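Taken in order, these protein sequences are the chains called C and L. At position 60 of the first sequence (counting the first as 1) the number is 61 in the numbering used here, and the numbers step up by one without a gap. At position 59 of the second sequence (counting the first as 1) the number is 60 in the numbering used here, and the numbers step up by one without a gap. Note that CB positions come from ideal geometry on N, CA and C, so glycine has one too. These numbers were taken from a predicted model, which means no experiment stands behind them. Reading through the structure tokens given below for one structure.
2 protein chains.
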Amino acid sequence: MNKPPEKAPPDPGVRERLLASAIDCFDRKGYAACSVREIVEAAGVTKPVLYYHYGSKEGIFNALMRQAMDQFDELLERASHSEGSARDRIEKLFGEVFDLFKRSIPLVRVMNSIYYGPPQGVPRGDADRVHFAFQEWVKKRLVEGRNAGEFKIAKTEDAMWALIGALNVATELELCHPDLALTQKDLQRVVGVVFDGIASEEGRAPRRAAKRR
Amino acid sequence: MNKPPEKAPPDPGVRERLLASAIDCFDRKGYAACSVREIVEAAGVTKPVLYYHYGSKEGIFNALMRQAMDQFDELLERASHSEGSARDRIEKLFGEVFDLFKRSIPLVRVMNSIYYGPPQGVPRGDADRVHFAFQEWVKKRLVEGRNAGEFKIAKTEDAMWALIGALNVATELELCHPDLALTQKDLQRVVGVVFDGIASEEGRAPRRAAKRR
DNA sequence: GTCTATATTGAGATAGAC
DNA sequence: GTCTATCTCAATATAGAC
Numbered sequence: 002m003n004k005p006p007e008k009a010p011p012d013p014g015v016r017e018r019l020l021a022s023a024i025d026c027f028d029r030k031g032y033a034a035c036s037v038r039e040i041v042e043a044a045g046v047t048k049p050v051l052y053y054h055y056g057s058k059e060g061i062f063n064a065l066m067r068q069a070m071d072q073f074d075e076l077l078e079r080a081s082h083s084e085g086s087a088r089d090r091i092e093k094l095f096g097e098v099f100d101l102f103k104r105s106i107p108l109v110r111v112m113n114s115i116y117y118g119p120p121q122g123v124p125r126g127d128a129d130r131v132h133f134a135f136q137e138w139v140k141k142r143l144v145e146g147r148n149a150g151e152f153k154i155a156k157t158e159d160a161m162w163a164l165i166g167a168l169n170v171a172t173e174l175e176l177c178h179p180d181l182a183l184t185q186k187d188l189q190r191v192v193g194v195v196f197d198g199i200a201s202e203e204g205r206a207p208r209r210a211a212k213r214r
Numbered sequence: 002m003n004k005p006p007e008k009a010p011p012d013p014g015v016r017e018r019l020l021a022s023a024i025d026c027f028d029r030k031g032y033a034a035c036s037v038r039e040i041v042e043a044a045g046v047t048k049p050v051l052y053y054h055y056g057s058k059e060g061i062f063n064a065l066m067r068q069a070m071d072q073f074d075e076l077l078e079r080a081s082h083s084e085g086s087a088r089d090r091i092e093k094l095f096g097e098v099f100d101l102f103k104r105s106i107p108l109v110r111v112m113n114s115i116y117y118g119p120p121q122g123v124p125r126g127d128a129d130r131v132h133f134a135f136q137e138w139v140k141k142r143l144v145e146g147r148n149a150g151e152f153k154i155a156k157t158e159d160a161m162w163a164l165i166g167a168l169n170v171a172t173e174l175e176l177c178h179p180d181l182a183l184t185q186k187d188l189q190r191v192v193g194v195v196f197d198g199i200a201s202e203e204g205r206a207p208r209r210a211a212k213r214r
């Protein structure tokens, strides 16, 4: 609700410390279960400081969301100027997105819990916009690839979902089983499965003709 | 914490009403943000009734989780006796899982928010066990399929993740965009993309040789 | 088993001094 | 801008009557 400090900034970096602290707390306990007290204590300040800079608990949450989406938007923006085959460009963006996520696990967990989970008293914000933008980007590349003879796809959406599914699964593994997390190479192989398919040549034409066991 | 009623059950169905009410509230507001008061009011009872039957807010949550996992376990159990090609069996189980999810959206959202999101003061419980069991089931079918010449896969895990990713994406769409939700047929086509791949024949051998644009 | 009434704790947020 | 001290409210949980 409040604007950034205007007159004198005696404690530079308070805002950043508060953001970092909020990410950490939201990540460990969830938005609703994390208290303002815990956030400010970890940031080494008192409650009024948070309310002065961000207006409310929801205010600091929204600031986090905006920060995350700006980063993603920038990635998409740069990717729309990338070069190469459709597959190259998709693989490149997926690698960058995965890398960004890997570097922002706590923030991603917080965002996901609100986007996919129940609203915990905070609005979903512009998360939809970002999701749609990403989907459209992938779909465009797929259409281009098909027109260029690079892909054979009946329905662009199907391929889009299969690809996004592969990326999501890598992210989710990172979130809930860091020990089993996929590497960049692993992800590229999984994505490669989608591009190439796993059915053997003989098994493909007669779609359900594989032998019984 | 408490056992089911032992002596006299004057209000049959209270437990079920409480469970249903809890699912609904957890779904709409999240575990932490949903109050016991709201649960019991929707169930038409008072607070002590909940504490009598389930011991605590966490107790009723755990009861929900157990209920959900039992259903999933049963699905897996039946699927391990299914017949047909590996692809047939995988597609069949995916269809059943997707159907179960579609019929349990609120509960699934609650489970996911705890499994993938921050712990909101409740333990994750046995969710891991179920996930691993599902992954192992798929992996087994893939190995069988490869041994039978049905698939050509270098790394079974890659195909497993691509397939599970497709199922996840269908579930997640259902959760956060019911309007865009995939049908059973849609899901089978997306899964089909993973089985068959989308790369055209000429584009496949030289993996990065597609033309520049 | 289910109620009314209440104990107790901690939450989000703010007033006002400096 | 940041503090101390405090307001207000709603949360989980329980005591004890019926």
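Best match in the options for proximity to residue i [C-alpha to C-alpha]
i: His125/L; options: Ile61/C, Gly56/C, His178/C and Phe152/C; result: It should be pointed out that residue 125/L corresponds to Arg in this sequence rather than to His. Nearest of Ile61/C, Gly56/C, His178/C and Phe152/C to Arg125/L, Cα basis: His178/C.
i: Ala34/C; options: Met161/C, Ile165/C, Gly193/C and Val111/C; result: Val111/C
i: Ala43/L; options: Leu19/L, Trp138/L and Ile91/L; result: Leu19/L
i: Ile165/C; options: Ala155/L, Lys153/L, Val194/L and Gly150/L; result: Val194/L
i: Gly198/C; options: Ala163/L, Pro49/L, Asp71/L and Asp180/L; result: Ala163/L
i: Ala69/C; options: Phe196/C, Phe152/C, Arg130/C and Ala167/C; result: Arg130/C
i: Ala128/C; options: Ala149/C, Met66/C and Pro11/C; result: Met66/C
i: Phe62/C; options: His82/C, Val46/C and Ser36/C; result: Ser36/C
i: Gly96/L; options: Asn169/L, Asp71/L and Leu176/L; result: Asn169/L
i: Val123/L; options: Leu183/L, Ala64/L and Val50/L; result: Ala64/L
Close-in-space but distant-in-sequence residues of the same chain around residue i (CB under 6 Å, 5 per side omitted)
i: Ile40/C; result: Ser22, Ala23 and Cys26
i: Thr172/L; result: Phe102
i: Leu94/C; result: Ala80
i: Ala167/L; result: Val191, Val192 and Val195
i: Leu176/L; result: Arg110
i: Ala149/C; result: none
Exposed unless 16 or more other CB atoms sit within 10 angstroms - verdict on residue i
i: Phe135/L; result: buried
i: Arg38/L; result: exposed
i: Ser114/L; result: buried
i: Asp100/L; result: exposed
i: Phe133/L; result: exposed
i: Glu78/C; result: exposed
i: Gly31/C; result: buried
i: Leu181/C; result: exposed
i: Lys48/L; result: exposed
i: Ala1/L; result: Given a span of 2 to 214 for chain L in the structure shown, any question on residue 1/L remains unanswerable.
i: Asp28/C; result: buried
Sequence-distant residues of its chain with Cβ nearer than 8 Å to residue i (five each side left out)
i: Lys140/L; result: Thr157, Glu158 and Met161
i: Asp74/C; result: Val131 and Ala134
i: Gly45/C; result: Arg18
i: Pro11/L; result: none
i: Gln185/C; result: Gly96, Phe99 and Asp100
i: Leu76/L; result: Leu94, Glu97, Val98 and Leu101
i: Gln72/L; result: Leu101 and Ser105
i: Leu174/L; result: Leu181, Ala182 and Leu183
Close beta carbons around residue i, own chain, < 7 Å, minus the five adjacent residues each side
i: Glu137/L; result: none
i: Glu92/L; result: Gln189 and Val192
i: Lys58/L; result: Val37
i: Glu151/L; result: Ser86, Ala87 and Arg88
i: Val50/L; result: Val15 and Val41
Proximity test, residue i beta-carbon vs the ligand MN heavy atom, cut-off 7 Å
i: Cys26/L; result: You won't find the ligand MN in this model; it holds no ligand whatsoever.
So, does the region 100 to 116 of chain L touch the region 107 to 122 of chain C, judging by three or more C-beta pairs under 8 Å? Result yes; three or more Cβ-Cβ pairs closer than 8 Å.
Check whether the region 46 to 57 of chain C and the region 14 to 24 of chain C touch, using three or more Cβ-Cβ pairs below 8 Å as the test. With three or more CB-CB distances shorter than 8 Å, the region 46 to 57 of chain C counts as touching the region 14 to 24 of chain C.
Taking only runs of the alpha helix (DSSP H) that begin and end inside the region 23 to 74 of chain L, which ones reach a length of at least 4 residues, in chain order? Runs found: 37 to 44 and 48 to 55.
Tell me, please, whether the region 77 to 92 of chain C touches the region 142 to 149 of chain C by the rule of three or more beta-carbon pairs shorter than 8 Å. Between the region 77 to 92 of chain C and the region 142 to 149 of chain C, the count of Cβ pairs shorter than 8 Å is three or higher; the stretches touch.
Three-pair Cβ contact test at 8 Å for the region 182 to 199 of chain L versus the region 184 to 191 of chain C: As far as the Cβ criterion goes, the region 182 to 199 of chain L does not touch the region 184 to 191 of chain C, which means the pair count is below three.
Quick check on the DSSP output: what are the complete alpha helix (DSSP H) runs of length 4 or more inside the region 136 to 197 of chain L, in order along the chain? Segments of the alpha helix (DSSP H) lying fully in the region 136 to 197 of chain L: 157 to 177 and 185 to 197.
Taking only runs of the alpha helix (DSSP H) that begin and end inside the region 97 to 135 of chain C, which ones reach a length of at least 4 residues, in chain order? Entirely contained in the region 97 to 135 of chain C, the alpha helix (DSSP H) runs reaching 4 residues are, in chain order, 106 to 116.
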